[in-house]
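Positions 69 to 141 (this note's numbering) are the ones given, in order, by the sequence shown. Even for Gly, the Cβ is constructed at its ideal location relative to N, Cα and C. Keep in mind that this is a model prediction, so the values were computed, not measured.
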Amino acid sequence: MDLLTAVGLVSVSTMIVAYALERRSHWYTLVFAAACIVAAAYAFLTDAWLFGILETIWYLVAMRRWVESQERS
Numbered sequence: 069m070d071l072l073t074a075v076g077l078v079s080v081s082t083m084i085v086a087y088a089l090e091r092r093s094h095w096y097t098l099v100f101a102a103a104c105i106v107a108a109a110y111a112f113l114t115d116a117w118l119f120g121i122l123e124t125i126w127y128l129v130a131m132r133r134w135v136e137s138q139e140r141s
């Protein structure tokens, strides 16, 4: 497994775990967003453009949810 593949595996695994734990803390939403943008970078670097675009959208959605959670606090 090369470094790029490992980055993709770790980012998607982190996304799954953070998404499952989002209800516990708003910080998991931020972790989810960070993992999404890393997964998007991975996708663009491997020429998986559609996946990269979708992950970028997930990043934007997660950041919006995180910002809204900060405004409620």
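Query	Result
Contact test: Y127 Cβ vs the ligand NAP heavy atom, cutoff 6 Å	The ligand NAP is absent from the structure shown, which contains no ligands of any kind.
Per-residue DSSP class, three states only, for T124	helix
CB contact below 7 Å: A107 versus chain C	Note that chain C does not occur in the displayed structure, where there is just one protein chain.
Buried or exposed (CB count within 10 angstroms, at least 16 for buried), T114	exposed
Simplified DSSP assignment, three categories, for S79	helix
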